[in-house]
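Asks: Below: one structure in structure tokens.
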Amino acid sequence: QKEVEQNSGPLSVPEGAIASLNCTYSDRGSQSFFWYRQYSGKSPELIMFIYSNGDKEDGRFTAQLNKASQYVSLLIRDSQPSDSATYLCAVQGGKLIFGQGTELSVKP
Amino acid sequence: EAQVTQNPRYLITVTGKKLTVTCSQNMNHEYMSWYRQDPGLGLRQIYYSMNVEVTDKGDVPEGYKVSRKEKRNFPLILESPSPNQTSLYFCASSLTGTPNEQFFGPGTRLTVL
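Protein sequences appear in the order of chains A and B. Just so we're aligned: 77 in our numbering is position 77 of the first sequence, and the numbers increase by one with no gaps anywhere. If you want our numbering, it's the position in the second sequence, counting the first as 1, plus 108.
This is the structure:
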């Protein structure tokens with residue numbers, strides 16, 4: 001089992017829809033959770049981080065954390081073509097571990 | 109402009125020919141690290157440095173060396189590159205090592221023939 005696992009993707013959603021990206025992790029001691037966006041050929045950029053159970057909202061983005069079930073998700077509301085990218089989940093316990101990424105495609 | 113720079117951005121080399129990928133940051137960050145990114149495997153940490161003259165292994169250090177003689181620079185050295193080191197490499201820096209303040213460099217695409 002991978003330490004951090006994401007939907008294999010690619011995920012395709014129509015413009016204006018909600019995109020849901022999921023991530024599970026194996027280390028129950030993990031404390032911090034991060035979502036990065038990576039456009040093709042570019043470096044990752046941090047878009048959300050969450051430390052506590054529940055939801056954290058920032059504009060069109062909502063991160064959801066459930067430590068008991070060991071999953072973290074990212075919801076993108078009103079998806080835009082500019083949201084088309086690979087989304088990386090990262091989990092920090094003793095060290096920062098990245099998932100393999102989920103490619104999102106938002107179709108106009 | 110605050111940034112992390114890497115050179116070269118693209119490199120094609122042959123097996124066994126020593127190479128160095130440079131990384132430099134202008135933000136006075138103490139923490140720097142190197143990652144490699146491969147399809148289906150995500151980002152994996154190679155080495156990191158908490159401060160000058162302090163370096164430590166990440167998850168995949170085999171075949172790599174690093175040094176941190178100055179705060180701003182953190183070169184990645186491949187003494188004898190092999191084809192399995194063909195990858196996309198990212199350098200990153202942050203003030204204290206906290207991921208939510210980590211800046212990534214633009215990446216170096218390395219091909220070892």
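For every residue, glycine included, the Cβ atom is placed at its ideal position computed from N, Cα and C.
Is B:Q193 close to chain A, meaning its C-beta is less than 8 Å from at least one C-beta of that chain?
Replies: No, B:Q193 lies away from the interface with chain A (no Cβ there is under 8 Å from its Cβ).
Asks: Taking one C-beta from the segment 139 to 156 of chain B and one from the segment 179 to 187 of chain B each time, how about it: are there three or more such pairs within less than 8 Å?
Replies: Because the criterion of three Cβ pairs below 8 Å is met, the segment 139 to 156 of chain B and the segment 179 to 187 of chain B touch.
Asks: To which residues of the same chain is A:S32 closer than 7 Å at the C-beta, ignoring the five residues directly before and after it?
Replies: The residues are F49, Y51, Q92.
Asks: What does B:N208 reach in chain A if we use C-beta pairs closer than 9 Å?
Replies: Under the 9 Å cutoff, chain A gives S32, F34, L46, F49.
Asks: For the segment 164 to 210 of chain B, list the beta strand (DSSP E) runs that are entirely contained and at least 3 residues long, ordered along the chain.
Replies: For the segment 164 to 210 of chain B, whole beta strand (DSSP E) runs of length 3 or above, ordered along the chain, are 184 to 186, 195 to 202.
Asks: What residues in its chain sit with their C-beta under 8 Å from that of B:L119, if we drop five residues either side in the sequence?
Replies: Closer than 8 Å at Cβ, skipping near neighbours: L127, V129, T216, R217, L218, T219.
Asks: Should A:T43 be flagged as near chain B, meaning a C-beta pair shorter than 8 Å?
Replies: A small correction: the amino acid at residue 43 of chain A is Ser; Thr does not occupy that position in the sequence shown. Chain B contact via Cβ: present.
Asks: Answer yes or no: do A:S43 and B:G213 have a C-beta to C-beta separation smaller than 8 Å?
Replies: In this structure, B:G213 lies closer than 8 Å to A:S43 by Cβ.
Asks: Quick check on B:L151 - is its C-beta less than 8 Å from some C-beta in chain A?
Replies: Chain A, which has a Cβ nearer than 8 Å to the Cβ of B:L151, makes this yes.
Asks: Within the continuous beta strand (DSSP E) that includes A:S111, where are the two ends?
Replies: Lying before the first or after the last residue shown, residue 111 of chain A is absent from chain A, which here runs from 1 to 108.
Asks: Give the DSSP-derived three-state secondary structure of B:L127 in the structure shown.
Replies: If DSSP states are grouped into helix, strand and coil, B:L127 belongs with the strands.
Asks: Taking the straight line between their C-alpha atoms, what separation do you get for A:V13 and A:Q70?
Replies: Cα-Cα distance, rounded: 25 Å.
Asks: From B:R180 to B:V162, what distance separates their C-alpha atoms?
Replies: Taking the straight line joining both Cα atoms gives about 13 Å.
Asks: Going by C-alpha distance, which of A:L74, A:W35, A:L96 is nearest A:S26?
Replies: Taking only the C-alpha atoms, the option nearest A:S26 is A:L96.
Asks: Just to confirm my understanding: we take B:L149, look at its own chain, exclude 5 residues before and 5 after, and list those with CB closer than 8 Å. What are they?
Replies: So the list is empty, once near-sequence residues are dropped.
Asks: Less than 8 Å between the C-beta atoms of B:A110 and B:M135, yes or no?
Replies: Cβ atoms of B:A110 and B:M135: closer than 8 Å.
Asks: Pull up the DSSP beta-bridge partners for A:G94, would you.
Replies: Answer is none; A:G94 lacks a bridge partner.
Asks: Spatial neighbours of B:M158 within its chain, please: C-beta separation below 7 Å, excluding the five flanking residues on both sides.
Replies: The residues are E138, Y139, G205.
Asks: With the cut-off set at 8 Å, would you say A:S105 and A:N22 are in Cβ contact?
Replies: No, these two residues do not count as a Cβ contact at 8 Å.
Asks: Could you tell me which residues DSSP puts in a beta bridge with A:P14?
Replies: According to DSSP, A:P14 bridges with A:K107.
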